[in-house]
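Number of protein chains: 2
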Amino acid sequence: MFESAEIGHRIAKKEYREREPVLRAALLNAQYALLEQAKAPVIILINGADGAGKGETGNLFNEWMDPRHIHTEAFDAVDPDHAGRPEMWRYWQALPQKGHIGILFGSWYSDPILAHVMGHEKKARFTQRLERIRHFERMLSAEGAVLLKFWFHLSRSAARTRFKALEKDPKNAWRVTKDDWVRLQHYEEFVTVCSQALRKTSTAEAPWRVIEGADPAYRALTAGDQLLEALQTAVQANADARARPTVQRAAAAPVPSSASGLLASFDYSRKLSRKHYEAELAQLQSRLAVLSRDARMASHALVLVFEGMDAAGKGSTLRRITQALDARHYRVVPIAAPTDEERAQPYLWRFWRQLPGHGHTTVFDRSWYGRVLVERVEGFCSEADWMRGYDEINTFEEEQVRAGTILLKFWMAITADEQLRRFNERKATPYKQFKITDDDWRNREKWPAYEHAVADMIDRTSTDVTPWHVVASDDKLFSRIAVLRQVCESVEQALTVRKKKGRA
Amino acid sequence: MFESAEIGHRIAKKEYREREPVLRAALLNAQYALLEQAKAPVIILINGADGAGKGETGNLFNEWMDPRHIHTEAFDAVDPDHAGRPEMWRYWQALPQKGHIGILFGSWYSDPILAHVMGHEKKARFTQRLERIRHFERMLSAEGAVLLKFWFHLSRSAARTRFKALEKDPKNAWRVTKDDWVRLQHYEEFVTVCSQALRKTSTAEAPWRVIEGADPAYRALTAGDQLLEALQTAVQANADARARPTVQRAAAAPVPSSASGLLASFDYSRKLSRKHYEAELAQLQSRLAVLSRDARMASHALVLVFEGMDAAGKGSTLRRITQALDARHYRVVPIAAPTDEERAQPYLWRFWRQLPGHGHTTVFDRSWYGRVLVERVEGFCSEADWMRGYDEINTFEEEQVRAGTILLKFWMAITADEQLRRFNERKATPYKQFKITDDDWRNREKWPAYEHAVADMIDRTSTDVTPWHVVASDDKLFSRIAVLRQVCESVEQALTVRKKKGRA
Chain A
1 MFESAEIGHR IAKKEYRERE PVLRAALLNA QYALLEQAKA PVIILINGAD
51 GAGKGETGNL FNEWMDPRHI HTEAFDAVDP DHAGRPEMWR YWQALPQKGH
101 IGILFGSWYS DPILAHVMGH EKKARFTQRL ERIRHFERML SAEGAVLLKF
151 WFHLSRSAAR TRFKALEKDP KNAWRVTKDD WVRLQHYEEF VTVCSQALRK
201 TSTAEAPWRV IEGADPAYRA LTAGDQLLEA LQTAVQANAD ARARPTVQRA
251 AAAPVPSSAS GLLASFDYSR KLSRKHYEAE LAQLQSRLAV LSRDARMASH
301 ALVLVFEGMD AAGKGSTLRR ITQALDARHY RVVPIAAPTD EERAQPYLWR
351 FWRQLPGHGH TTVFDRSWYG RVLVERVEGF CSEADWMRGY DEINTFEEEQ
401 VRAGTILLKF WMAITADEQL RRFNERKATP YKQFKITDDD WRNREKWPAY
451 EHAVADMIDR TSTDVTPWHV VASDDKLFSR IAVLRQVCES VEQALTVRKK
501 KGRA
Chain B
1 MFESAEIGHR IAKKEYRERE PVLRAALLNA QYALLEQAKA PVIILINGAD
51 GAGKGETGNL FNEWMDPRHI HTEAFDAVDP DHAGRPEMWR YWQALPQKGH
101 IGILFGSWYS DPILAHVMGH EKKARFTQRL ERIRHFERML SAEGAVLLKF
151 WFHLSRSAAR TRFKALEKDP KNAWRVTKDD WVRLQHYEEF VTVCSQALRK
201 TSTAEAPWRV IEGADPAYRA LTAGDQLLEA LQTAVQANAD ARARPTVQRA
251 AAAPVPSSAS GLLASFDYSR KLSRKHYEAE LAQLQSRLAV LSRDARMASH
301 ALVLVFEGMD AAGKGSTLRR ITQALDARHY RVVPIAAPTD EERAQPYLWR
351 FWRQLPGHGH TTVFDRSWYG RVLVERVEGF CSEADWMRGY DEINTFEEEQ
401 VRAGTILLKF WMAITADEQL RRFNERKATP YKQFKITDDD WRNREKWPAY
451 EHAVADMIDR TSTDVTPWHV VASDDKLFSR IAVLRQVCES VEQALTVRKK
501 KGRA
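Here the protein sequences line up with chains A and B, keeping their order. Position 51, counted from 1, in the first sequence is what this note's numbering calls 51; the numbers after and before it change by one each time, with no gaps. Position 375, counted from 1, in the second sequence is what this note's numbering calls 375; the numbers after and before it change by one each time, with no gaps.
Structural data, given as structure tokens:
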């Protein structure tokens with residue numbers, strides 16, 4: 001992987017002085033063009049060997065371009081525990097907006113590589129983490145991001161020479177730390193592991209760009225040229241996309257007659273008497289109250305997702321749950337139209353930012369499933385976008401579960417007849433009228449298309465770790481109790497498993 | 001302060017059962033009305049004695065209203081060090097958006113009260129902190145926030161009775177901690193300090209509402225009634241404001257002939273030769289590079305504010321500074337139109353969110369001074385709004401300095417003639433054309449009004465701790481060096497003071 005980066009490339013000072021001003025003017029132009037298009041975020045990863053010029057290159061990029069639209073973030077190798085949020089959370093928070101440039105030092109590669117080199121993590125875990133990174137980067141590319149992955153390489157002898165030179169210079173001696181020398185002793189392992197990481201994550205959409213780091217002039221111009229080319233390609237691609245005649249909003253796909261099978265075959269008739277309801281509600285709420293205050297919850301987060309047709313009873317059900325919780329530790333997030341800051345980010349960004357830390361609960365009233373429901377049915381995104389949504393969602397949920405989150409998702413299933421009854425009731429009740437809008441009636445006309453989308457959603461996103469709970473909801477009393485009981489059981493189970501593990 | 005909250009108020013179960021459903025329906029309606037108006041955020045502070053029903057009341061509010069539009073946040077008494085950001089930073093992050101409700105447990109009162117009760121902080125510091133809180137709350141009210149400050153009180157004997165009852169019940173025993181008993185021993189000091197705090201911060205716009213906490217029914221209905229009344233008053237006030245004929249955009253105030261005195265009398269003729277510039281630039285940049293990497297910077301943040309007429313050279317000057325810094329530790333924030341999330345918050349919110357932690361630098365290209373410059377001149381806000389801006393800005397900057405921030409603000413002063421020359425040059429240079437817009441020409445016509453606003457701004461916000469540095473900028477080389485030198489000197493001075501203090 002690094003053979004051609006130990007050749008000893010150099011660029012003479014004179015050549016540098018000639019080429020640098022031309023390059024920086026072109027970079028600045030390309031940066032402004034991208035900013036104006038506001039279509040693609042540019043994500044530059046800076047990784048590589050210590051002393052190979054990572055910091056210097058990042059500083060140069062900021063110097064050459066307009067730093068007001070560049071966000072630079074450095075990630076330490078040690079992964080801090082962000083209150084127990086999933087591993088990728090901190091990277092999501094650092095993503096640049098469309099049109100902007102993000103420079104990420106260390107990025108999502110440092111931690112897995114160092115953990116493996118230092119022997120904290122075995123090969124299997126290392127491979128898994130690389131696989132997850134591939135997923136993540138594929139998503140970024142699909143969302144239009146330009147991903148530039150720079151790897152600055154230094155041969156062992158070049159690294160030693162560089163460290164010694166720095167240490168001799170009083171102004172720069174601080175740059176060389178004890179850790180640098182320790183890591184140099186592990187040079188061979190480091191190079192082996194890095195080669196593996198780079199090979200496994202060098203993809204067509206986001207290849208690694210290995211640059212020899214010994215000569216400052218060579219490494220600066222090489223990185224700069226590659227950056228320029230990537231920016232210009234992106235500007236051109238965005239311009240082409242704009243010039244192309246707008247694709248007509250996709251016609252709703254024909255609904256196969258068998259599609260609604262799952263929901264049509266469902267038993268909606270289950271009921272519960274008011275008397276049983278009151279008794280069960282009191283009992284389950286106090287069970288949940290005790291569970292949610294269990295000391296073991298300090299190493300879990302709880303995420304509840306509510307989806308369902310309009311008037312399926314999402315709001316009234318989730319309130320029966322939050323009544324049992326301590327308001328200081330939960331948050332209900334209603335999903336409506338995204339804000340403009342959210343629109344400037346990949347689709348899942350606005351859900352990532354809401355994820356709870358350990359000891360906390362977030363209840364989503366509608367959720368990331370909007371991608372494969374309303375956005376699909378209404379044609380708000382392309383077919384390719386919602387098709388990749390299933391996989392992205394599964395990965396997103398897996399990452400939460402891996403971080404200790406208890407994640408439950410409910411489809412509140414009602415019949416079209418029951419929905420009509422509830423709409424009419426809302427229309428007739430003065431204080432419920434705000435709950436019914438023209439949109440609701442319009443959505444109702446698309447019932448078959450929604451049912452089709454729901455069936456696909458459940459098929460493709462009901463996994464072992466995060467199965468869908470489809471709840472018969474024509475009877476509100478029945479559905480509230482069913483949901484509450486499921487929440488209690490799942491939390492109890494998660495705490496017990498944890499306990500057993502702890503004892504083993 | 002608490003006499004009338006030890007009377008032993010009670011409400012019978014029967015009365016509670018009758019009044020509660022009426023109250024909750026009315027609360028829900030008021031909540032939705034406020035949400036739809038999206039004018040005023042509602043901030044509910046819940047403070048008081050341990051065991052007086054704070055948590056229960058917060059939970060009830062969430063139960064009675066729609067929890068999807070309520071954000072509840074609990075603040076521990078111990079103030080965590082948010083990477084060295086100012087004390088109020090974490091409260092700014094928790095403010096609800098316009099139309100939403102925020103419930104803040106503990107809020108900004110817990111920490112000063114407990115620090116004083118426990119003897120960690122003397123009376124003088126306690127009084128100072130309360131004064132700052134008054135400032136903060138005055139700002140919130142001026143921004144249209146509805147502020148409800150609830151204090152739940154319990155007599156010493158009632159507290160003891162309550163703790164004992166809870167401890168006997170296995171399900172609730174966890175609610176009583178050792179700290180609760182320790183604090184009960186300090187009951188008298190606690191009550192004395194709280195009385196002082198409440199008296200000093202009970203203002204016309206945000207009075208304290210002391211509620212006896214012993215009887216759950218009494219405290220719930222009393223708090224609920226007060227909340228309802230406050231919500232309804234706010235809804236009515238917003239509706240009235242909307243119904244009133246729109247006030248015409250304020251005509252620009254006549255410019256007193258002497259107003260531009262400050263800037264007119266300024267010496268713009270200072271120049272620097274290219275040769276001197278090059279030498280000084282190299283010397284100052286390396287001085288700043290070393291300073292900014294000094295270990296003592298770990299307990300300081302650096303905030304640089306650049307203001308000036310269009311084409312005054314803000315961008316090119318700040319780049320000369322960032323070139324000396326490590327990109328991993330600085331961020332440049334260009335201030336343009338606010339995003340919709342920012343528009344839903346008090347004016348200063350979007351600057352608070354950008355404040356750097358210790359060891360980091362934020363450079364603002366235009367800043368919070370927009371309030372008293374462009375917003376004033378263009379009539380984007382009312383006169384009352386920009387008038388209170390001076391005081392709010394001074395307080396904002398004081399809080400930063402108190403937290404260890406080195407804050408420098410530069411007015412890049414150019415003459416109207418020089419601006420015209422630069423505009424024409426930009427128009428004539430192909431790669432600079434993007435820098436000149438119709439807005440720039442329009443702003444130029446308002447030069448006298450801007451000059452007047454600038455003079456007022458400098459008069460009213462040049463304080464001992466954060467003086468304005470007015471820099472002659474007709475000659476770009478001179479102004480860049482002047483700014484760089486000032487940054488070096490101020491940073492050096494701050495580090496030296498720190499050092500001396502440390503030795504003392």
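Ideal Cβ positions, reconstructed from N, Cα and C, are used throughout, including at glycine.
Asked: Could you check how far apart the C-beta atoms of glycine 315 of chain B and phenylalanine 152 of chain B are, in whole angstroms? I think they sit under 8 Å.; Found: With a Cβ gap of about 53 Å, glycine 315 of chain B and phenylalanine 152 of chain B do not count as contacting.
Asked: Please list the partners that glutamine 323 of chain B has in chain A, where partner means a Cβ-to-Cβ separation under 7 Å.; Found: Glu63
Asked: Answer yes if the region 329-338 of chain A comes into contact with the region 439-449 of chain A, meaning at least three C-beta pairs across the two stretches below 8 Å, and no otherwise.; Found: no
Asked: Do we get a CB-CB distance below 7 Å when we pair proline 67 of chain B with the residues of chain A?; Found: yes
Asked: I'd like to know if valine 332 of chain B contacts chain A, where contact means its C-beta is closer than 7 Å to some C-beta of that chain.; Found: yes
Asked: Quick check: glutamate 137 of chain B and alanine 204 of chain B, are their CB atoms within less than 7 Å of each other?; Found: no
Asked: Any idea which residues DSSP pairs leucine 114 of chain B with across the strands?; Found: None, per the DSSP bridge assignment.
Asked: Roughly how many angstroms lie between the CA atoms of aspartate 26 of chain B and valine 235 of chain B, to the nearest whole one?; Found: Rather than aspartate, the amino acid found at residue 26 of chain B in this sequence is alanine. So the alpha carbons of these two residues sit roughly 13 Å apart.
Asked: Using a Cβ-Cβ distance under 7 Å, would arginine 328 of chain A count as near chain B?; Found: yes
Asked: Would you grab the beta carbon distance between histidine 329 of chain A and glycine 84 of chain A for me? Rounded to a whole angstrom, and I think it's under 8 Å.; Found: About 13 Å; that fails the 8 Å criterion.
Asked: Does DSSP put lysine 446 of chain A in a helix, a strand or coil?; Found: coil
Asked: Can you name the residues of chain B whose CB is closer than 8 Å to the CB of aspartate 365 of chain A?; Found: Arg68
Asked: Under the rule that 16 or more other beta-carbon atoms within 10 Å means buried, what is lysine 122 of chain B, buried or exposed?; Found: exposed
Asked: According to DSSP, which residues form a beta bridge with tyrosine 330 of chain A?; Found: A/Thr361
Asked: Measure the beta-carbon distance from isoleucine 323 of chain A to glutamate 63 of chain B and round it to whole angstroms, keeping in mind my assumption that it falls under 8 Å.; Found: As written in the sequence, residue 323 of chain A is glutamine, which differs from the isoleucine given in the question. Glutamine 323 of chain A to glutamate 63 of chain B, Cβ: 5 Å. Contact.
Asked: Report all residues from its chain with a CB closer than 7 Å to the CB of leucine 130 of chain A; omit the five preceding and five following residues, and keep chain order.; Found: Pro112, Ala197, Lys200, Thr201
Asked: Just how far apart, CA to CA, sit arginine 376 of chain B and methionine 309 of chain B?; Found: 15 Å
Asked: Taking the alpha-carbon of glutamate 492 of chain B as reference, which of B/Met1, B/Ala282, B/Gln37, B/Leu407 has the nearest alpha-carbon?; Found: B/Leu407
Asked: What does the alpha-carbon distance come out to for the pair threonine 437 of chain B and alanine 145 of chain A?; Found: 29 Å
Asked: For the pair the region 465-480 of chain B and the region 407-422 of chain B, tell me if three or more CB-CB distances fall below 8 Å.; Found: yes
Asked: Give the C-beta separation of arginine 219 of chain B and threonine 57 of chain B to the nearest angstrom, bearing in mind that I take them to be a contact with Cβ-Cβ under 8 Å.; Found: 7 Å
Asked: Judging by CA-CA distance, which residue of B/Asp326, B/Asp439, B/Ala298 is the nearest neighbour of phenylalanine 61 of chain A?; Found: B/Asp326
Asked: Measure the Cβ-Cβ separation of leucine 23 of chain A and glycine 213 of chain A and say whether it is below 7 Å.; Found: no
Asked: Taking all protein chains shown into account, decide if histidine 71 of chain B is buried (16 or more other Cβ within 10 angstroms of its Cβ) or exposed.; Found: buried
Asked: Taking 7 Å as the threshold (beta carbon to beta carbon), is aspartate 310 of chain A in contact with chain B?; Found: no
Asked: Please tell me whether threonine 72 of chain B has its Cβ less than 7 Å away from any Cβ of chain A.; Found: yes
Asked: Determine the DSSP secondary structure at arginine 209 of chain A, reduced to helix, strand or coil.; Found: strand
Asked: If you pair each beta-carbon of the region 389-404 of chain A with each one of the region 280-297 of chain A, do three or more pairs fall below 8 Å?; Found: no
Asked: Check leucine 288 of chain B in the structure and name its three-state DSSP category.; Found: helix
Asked: What residue from A/His69, A/Glu3, A/Ile101 has the CA that sits closest to isoleucine 43 of chain A's CA?; Found: A/Ile101
Asked: For the beta strand (DSSP E) that threonine 405 of chain A lies in, which residues bound it at each end?; Found: 405-413
Asked: Would you mind telling me which residues of chain B sit closer than 8 Å to glycine 55 of chain A, beta carbon to beta carbon, in chain order?; Found: Asp326, Ala327, Arg328
Asked: Could you check which residue in B/Ala33, B/Ile11, B/Glu15, B/His9 has the C-alpha nearest to that of lysine 432 of chain A?; Found: B/Ala33
Asked: Using the Cα positions of methionine 297 of chain B and alanine 494 of chain B, report the straight-line distance between them to the nearest angstrom.; Found: 9 Å
Asked: Can you look up histidine 9 of chain B in the DSSP assignment and give me helix, strand or coil?; Found: coil
Asked: What residue range is occupied by the uninterrupted alpha helix (DSSP H) comprising asparagine 238 of chain A?; Found: 216-243
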